[in-house]
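A quick write-up on the structure given underneath.
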Amino acid sequence: MKTAESGRQEGFGHVVPLGTLLAVFAALIVLTGITVAATWVDLGSANLFIAMGIAAVKATLVALYFMHLRYDHPFNALIFVVGLLFLTLFLGLTLLDTRQYQPEIQAAVENPV
Amino acid sequence: MNDLTALAPHGVSAQSEQGHHPHPDYVAHHFDSAEQQFDAGKLGVWVFLVTEILFFSGLFCAYAVYRGNHPEVFVYAHHFLDKNLGALNTAVLIFSSLTMALAVRAAQLEQRRALIAFLLVTLLCAFVFLGVKYVEYRQKWEHGLLWAGRYHATGQESNHGPEAASADRGAAVAAGPRAGETTPAVPPELPPEATASEDAPRLVGVFFSIYFAMTGLHALHVIGGIGAVTWILARAVRGDFNRFYFGPVDYVGLYWHLVDLVWIFLFPLLYLIH
Amino acid sequence: MRRRLATDRYSYSHGQGTLPAAMKREALSHNDTRGGDTRGGADRRAASAAQAARAVPASRGSEACDLRRQTGLFAWGLPLAQAGGSFWLPDPASTTAHYTDYLFYAIFYISAFFFALIVVLMTVFLILYRRRDSRSKADKAPSHSTVLELFWTFVPVCIVIYIFAAGFIGYMEMRTAPPDAYEIRVTGQKWKWFFTYPTGYVDENLHVPIDRPVRLVMTSRDVIHSLFIPAFRLKMDLVPGRYTSTWFHAVRPGEYPLLCAEYCGDNHSSMLAEVVVHEPGRFEKWLEEASNFMKNLSPVEAGRILYQRQGCAQCHSLDGTRKVGPSFKNAYGEPVRFADGTTAVADENYLRESILVPDAKIVAGYPPQMPPYQGLLDEDKIAALIAFIKSLSDAHADEATPPADADEAPAPDASP
Amino acid sequence: MDHSSSAPVDYLHADRGIRSWIFTLDHKRIGVMYLVGIAASLVLGGLFALAIRTHLAIPALTHGTTPAASVPAVGEPAAVAAPEAAAVQADAAAGLAAEGQAPTAASTLQETPPRYLLTPRQYNRVFTLHGAIMIFLVIIPGIPAALGNFVLPLMLGAKDVAFPRLNLASFHLWVIGAVFFLAVLFTGGLDTGWTFYTPYSTTTDTRVVTAALGAFILGFSSIFTGINFIATVHMLRARGMSWFKMPLFVWSLYATAVIQVLATPVLGITLLLVAAERIFGLGIFDPKLGGDPVLFQHFFWFYSHPAVYIMILPGMGVVSESISTFSRKHIFGYRFIAFSSVAIALLGFLVWGHHMFTSGQSRLAGMIFSALTFSVSIPSAIKVFNWLATMYKGSISLQTPMCYALAFLFLFGIGGLTGLFLGALSTDVHLHDTYFVVAHFHYVMFGGTLVAFLGGLHYWWPKMTGKMFDETLGRLGALAIFLGLNLTFFPQFVLGSRGMPRRYFDYSLLLDRHPEFAGLNVLSTAGAFLTGLGFVIVVICLAHSLWRGRPAPANPWGAATLEWQTSSPPPKENFLRPPVLSESYDPYYLDDLEYDDKTGAYAGVPLGLA
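Protein chains in written order, with the working numbering: chain A, 1 to 113; chain B, 1 to 274; chain C, 1 to 416; chain D, 1 to 610.
Encoded structure:
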């Protein structure tokens, strides 16, 4: 490793402490366990929201600690959030429309041409 | 993936360190300082990650549309997916995310051997992940649980193909290792109710289309990740990184975490349907 | 292939108003008798076709067209000279057309005003402040004024809200069919329209009553098409695997073009049909007559109509020329070589099988493009078609008549 | 800027040899290479356009006249056929309606020679490739990649874009994409329209997979440019250049980059799914396998509407620069124009459904999309009014770039306003998929973006090549293109509103009822040739300047933006010393620049530039 010429001047970019990384890892594994366990309990449509909730928590943990969003320039976090926003926009309006015209597809399935 | 920083040697660094050589060779000529170069690269990678998110958004949208409008298909079809392999894969990927994060940390602290070790473990995890995926795909291939055009599940003789035409086409075209359709090899670990319902819903082929599209594209990204990590490993061995220049390790790390992030959502959506 | 009802249909300027009264009556009367009494229909059509065929090429059937034809090398009739409708829009002929026309001209005048404003201001500034010696520099003028900005944000917002509202109200009217609408099913396939009437009768033109709203329930057999009737300001796609619906209520008898507006392949531009709006009370009579053409006509003539209406004409010629499919001329009774090398004599069973499941045997050198008619044609329709094909082969022309006459189909067929 | 004798070598002569171009990392050379590639694609696309227009004039010219060589009715029937059969035959032969007239053998599947220029299959391939080449190869990369790559770092006072190698990769991907399109051209063409609508695109026998992969690769080229510009604008602005001291062209490129990054990936996945549909029978869009074709339209238009803003925003940026510079006046409402660019970029993502009002989209979605569509028209209106306010009390000189800017105002005015007809629900039902739409988007894309591209090209030509072009030739070209454009596309508005659908190979069957279609189509064809002539004049003017143009001064137009504060053409490192801006610097404050008759250039250093 070619260390920088000058002395031990601290490099930039935040070094995530080892403890935090391991803690986050443990949390992720536990959450995976929970989400798998949740499928044995039948709560109807709530299951989807629970699964998505847990996945969202895991995703935020990865993003904040593994991907340094917590320590970096906030603009990077903004980029990430904007990406998710446009994802939901695309899904939302498309879902709205496809759900509206679904009966017309069902009619064609029942008595095809 | 794409090495975002240029390493042309010369150029004037405004906030130059006192060293005799003001502009170290790892800072590109058009950047003023290593930190500016690092921040620019980080910004570029985050923008690239957004394009990846929106690239997968198409498949998430197809998933949402077909699950929203045909929930029974997803409930029926997900029985064919093996939850345990899925969970194992999730754990493998999360672990590889940890080792990647540790690798980035090692690069920042100029611990070269640790960096190389963590990168190797990450690669290993990636190959394990692909191995598990191969097992799953092979299992589906054997039972004909393929995408809509090729769907012809064995073990259920009912006309589960959306239309006779596609089923014939599926049968006629289903080359691949299996002999005829005679062996009703219903996957052993299927819960009883999965085989009980004889008439699979009309769109079950579309579920597998979405399943293969999502997991296939994700697997391609894992392979891409393997390529990138190997490139970083090679440069680490060559000793390119130091505490002022560890950008590439961080960027490949970010890309790898995103691939893990996508799987964190894929796993419950495909495997844990209730 | 340009689909025309029959050779003798008159086509005249789409607006009824333009024709001298005498000519209109004559065109209309002919229009109805043509469809109305099918017994004589075939003969009448044959006669008028002959007359038209011999007619001098330049002169079309209707005098109105001739007048315009003679006016120039080609029809330069710019819309201004075009009677009926306005400069921008063709003659409206449905109850909901006024929504489109009203909003079109509202937006037109708004746009014209703002466009004129922009162009006038631009030219005035250009002339007033052109660079010249006495004016080599710009005058001192503010480079920012929030009031002005708010003004030319607020005004456009109000205008577009009005435009949206008007557009939305009209749209909901156009897309909500009245409950008592007369339902006709429309099926589109590559380059042909099929209109299925409640009696199960299938025609390739849209005949509608004038005294009732008509609801079209539409789907496509292959790719996306789009039913476009400019005179009714109506357009709706036909999507395969799904039903889409739209409605209209015609206000004036006459014939209006029906076009395909969504690109659908080679003959997208000739996928035409006619909307024939009948006089009050005439529609039911027409439908009743047309529905049982099978009963009224001899099998060979019924077969000929089926040949035209079911799309055979698209790909099979009658005079031996090769098209998408083999020609019907001298097809019956002759040996046929298939793509897989085997050969067989084209007998009745082969013809029936080729109609129902065309892909079973493909004639060598022809693309397997024929859509299956399984479930679309019932037994006596197939018999009629086979009789017609037999009549086209010189060697076996005589055999065509006896067997088909035996089983006179009593009830009007119910299947589409 | 001292023009000392030992002025550094400019970027064109800094290195020699083809390798120094193909593997250059210099944003200026990459911009020039893009310009050459885009100009070639524009010529190819333009030739297809002329083929289409020539083809569409023939039905008008030959309908109703006795055709010259009257081909005997094909297969004059022998004994059996009654006139009925002859009529049916004429009908079966497709083409001309009138019996007795020689039936055009222009029917699809027959091999007899077409009476028109093209057979239906050829026509469908020509209009598809015209669309695909013009959109994916010319107008999407157009201003951002050719002019943007060259000018953005200069305007920011930077040495290069943030990721030079990514920039070169973007150009190489553009070349590979172009090769894919050429492969499509030479191996059977594409006949799905540039929109790839399924199930037609999944059932046709033309080269859909090759074209889809070509567009996929061009998508990545566009994404890389987007990433580069965002990072450059954020990280490499000159010292002292705050966000509101950036030129408006940089604002428009930034907004464009945001769209490129957020929208193009969705096109990528859509095209991959179409290719998978054809290769594997994936079934997501194929109704026979349970898929939904309208879902494809949602996927496609989620990219393709923002794509039209990728096209127009940089054009608006060029116009903002030109109008301020040639009116010798500070731009009016700088912040409003800047924010309207970003507003258009974001609102552009909410409106894609207005392409699908009649495609089976539900009424609720139609209502929502129509309402949101009108929100996008407001920022465009703001920009136009601000440009007019800039010209107020200016000192306007009609030099070539200003001619193009004013032509843009006129043509984009018509293009934008006719968008109102298509945004309102009840009028769109009548006008959708007719020539009204064709005229609308040509006015906006051709009259807007391409005219602005030519304006920008002339505006920065001295900076790129170090040569001044001849003013009269330049203005003549602008005038010819302006007149040609109006003559070509205004008649199409009338064609469309009177009911002529788009993508029609032959309208002779409609001529009985709509004789005016003939005259309008011939006018449009005449216009197309006039526009073609205009382009020839532009090429002559610019080529002439390369050889016999007088050397260009650093600041020929007297603008205060940074690219004019370095030599023409600029050195490899762009600036001898990186510019430092003080608080008083304003990119549009032009009063410190005096025109010097002797040198024919503007001398003086803009206020606040050290």
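Even glycine gets a Cβ: it sits at the ideal position worked out from N, Cα and C.
On a predicted model such as this, the values are computed, not experimentally measured, just so you know.
Give me the Cα-Cα distance between residue 583 (chain D) and residue 609 (chain D), rounded to the nearest whole angstrom.
Approximately 9 angstroms between the Cα atoms of the pair.
Practice problem: With DSSP collapsed to three states, give me the class of residue 321 (chain C). | Solution: Correct three-state label for residue 321 (chain C): coil.
Going by C-alpha distance, which of C:343, C:267, C:387 and C:204 is nearest residue 298 (chain C)?
In this structure, C:387 is the residue among C:343, C:267, C:387 and C:204 with its C-alpha nearest to the C-alpha of residue 298 (chain C).
- Spatial neighbours of residue 360 (chain C) in its chain, beta-carbon cut-off 8 angstroms, leaving aside the 5 residues before and after: For residue 360 (chain C), same chain residues with a beta-carbon under 8 angstroms away, outside a window of 5 residues either side, are 353 and 354 in chain order.
- Query: Exposed or buried, residue 310 (chain D), counting other C-beta atoms within 10 Å across all chains shown (16 or more means buried)?
  - Reply: Residue 310 (chain D) is buried by the Cβ-count criterion.
**OP:** Mind listing, in chain order, the continuous alpha helix (DSSP H) runs of no fewer than 4 residues lying wholly within the segment 221-300 of chain C?
**Re:** For the segment 221-300 of chain C, the continuous alpha helix (DSSP H) assignments of 4+ residues that do not extend past its boundaries occur at 282-291 and 293-296, in sequence order.
**Prompt:** In the structure shown, what three-state DSSP assignment does residue 379 (chain D) receive?
**Reply:** Residue 379 (chain D): helix per DSSP, three-state reduction.
Going along chain D, which residues have a C-beta under 9 angstroms from residue 54 (chain A)?
Listed by position along chain D, the residues whose Cβ is nearer than 9 angstroms to that of residue 54 (chain A) form an empty set, because the closest Cβ is around 26 angstroms away.
Check your understanding: residue 476 (chain C): which of D:372, D:29, D:365 and D:489 sits nearest, CA to CA?
Key -> What is shown of chain C runs 1 to 416, which leaves residue 476 (chain C) out entirely.
I want to verify the contact list: residues of chain D whose CB lies under 8 angstroms from the CB of residue 57 (chain B), in sequence order.
Near residue 57 (chain B) (Cβ distances below 8 angstroms), the residues of chain D are 265, 266 and 269.
Return the chain-ordered list of same chain residues with a C-beta closer than 8 angstroms to the C-beta of residue 389 (chain C), the five sequence neighbours on each side being excluded. Excluding residues up to 5 positions away in sequence, 303, 328, 331, 332 and 351 lie with their Cβ nearer than 8 angstroms to the Cβ of residue 389 (chain C) in the same chain.
Separation of residue 28 (chain B) from residue 91 (chain A), as counted between CA atoms: C-alpha separation (whole angstroms): 40 angstroms.
How is residue 205 (chain C) classed by DSSP in three states: helix, strand or coil? It is coil, neither helix nor strand.
request  = Classify residue 54 (chain B) as helix, strand or coil using the three-state DSSP reduction.
outcome  = When secondary structure is reduced to three states using DSSP, residue 54 (chain B) falls in the helix class.
On a Cα-Cα basis, can you pick out the residue from D:349, D:240, D:286 and D:336 that is closest to residue 83 (chain A)?
The candidate whose alpha carbon is nearest that of residue 83 (chain A) is D:349.
Any C-beta of chain D sitting closer than 8 angstroms to the C-beta of residue 51 (chain B)?
-> Yes, because at least one Cβ of chain D sits closer than 8 angstroms to the Cβ of residue 51 (chain B).
| task | Indicate whether at least one CB of chain D lies closer than 8 angstroms to the CB of residue 267 (chain C). | result | Interface residue, yes.
Quick check: is the beta carbon of residue 605 (chain D) nearer than 8 angstroms to any beta carbon in chain C? No, residue 605 (chain D) lies away from the interface with chain C (no Cβ there is under 8 angstroms from its Cβ).
Between residue 107 (chain A) and chain F, is there a C-beta pair that is closer than 8 angstroms?
-> Given the protein chain composition of this structure (A, B, C and D), no chain F is represented.
Output the boundary residues of the beta strand (DSSP E) element that contains residue 605 (chain D).
For residue 605 (chain D), there is no enclosing beta strand (DSSP E), as DSSP marks it with neither H nor E.
- [ ] May I ask you to report which of helix, strand or coil DSSP gives residue 358 (chain D)?
- [x] Looking at residue 358 (chain D) - three-state DSSP - the assignment turns out to be coil, as it is neither helix nor strand.
Can you name the residues of chain D whose CB is closer than 8 angstroms to the CB of residue 78 (chain B)? By Cβ distance, chain D contributes nothing, its closest Cβ being about 17 angstroms from residue 78 (chain B), past 8 angstroms.
Please report the distance separating the alpha-carbon of residue 355 (chain D) from that of residue 80 (chain A). It is roughly 29 angstroms from the alpha-carbon of residue 355 (chain D) to the alpha-carbon of residue 80 (chain A).
field: Beta-carbon proximity check, residue 191 (chain C) vs residue 270 (chain C), cutoff 8 angstroms
entry: Cβ atoms of residue 191 (chain C) and residue 270 (chain C): closer than 8 angstroms.
Compare the C-beta of residue 235 (chain B) with all C-beta atoms of chain D and state if any pair is closer than 8 angstroms. No - not a single Cβ of chain D is within 8 angstroms of the one on residue 235 (chain B).
Quiz prompt | Straight-line gap, residue 169 (chain D) to residue 250 (chain D) (C-alpha atoms, nearest Å) | solution = Rounded to the nearest angstrom, the two C-alpha atoms are 22 angstroms apart.
Query raised in the report: Using DSSP with H/G/I as helix, E/B as strand and the rest coil, what is residue 262 (chain D)?
Result: Residue state for residue 262 (chain D) is assigned as helix, using DSSP reduced to three classes.
- Taking only beta-carbon atoms, is residue 330 (chain D) less than 8 angstroms away from chain C? It does: the Cβ of residue 330 (chain D) has a partner Cβ on chain C nearer than 8 angstroms.
Quick check: the segment 222-233 of chain D against the segment 319-333 of chain D, are there 3 or more CB pairs under 8 angstroms? Contact between the segment 222-233 of chain D and the segment 319-333 of chain D is absent, because fewer than three Cβ pairs lie under 8 angstroms.
- prompt: Since residue 122 (chain D) sits in a beta bridge, which residues does DSSP pair it with?
  reply: DSSP output for residue 122 (chain D) lists no bridge partner at all.
Next item on the list: Would you identify the three-state DSSP class for residue 61 (chain D), choosing helix, strand or coil?
Entry: Of the three classes helix, strand and coil, the one that applies to residue 61 (chain D) here is helix, per DSSP.
Practice prompt. Anything in chain A within Cβ reach of residue 243 (chain C), meaning under 7 angstroms, just list it in chain order.
Written response: In chain order: 104, 107 and 108.
Thinking residue 246 (chain C) and residue 234 (chain C) are a contact (beta carbons under 8 angstroms), I'd like their distance in whole angstroms, please.
-> Cβ-Cβ separation between residue 246 (chain C) and residue 234 (chain C): approximately 6 angstroms, consistent with a contact (criterion under 8 angstroms).
Practice problem: With 8 angstroms as the threshold, decide whether the Cβ of residue 391 (chain D) is near any Cβ in chain C. | Solution: With 8 angstroms as the cut-off, residue 391 (chain D) counts as an interface residue toward chain C.
- Item | Contact with chain A by residue 138 (chain B), beta-carbon distance below 8 angstroms | It does not: the Cβ of residue 138 (chain B) has no partner Cβ on chain A nearer than 8 angstroms.
Checklist line | At least three beta-carbon pairs within less than 8 angstroms, the segment 403-421 of chain D to the segment 376-386 of chain D | finding: Taking a cut-off of 8 angstroms on C-beta distances, the segment 403-421 of chain D touches the segment 376-386 of chain D, as three or more cross pairs fall below it.
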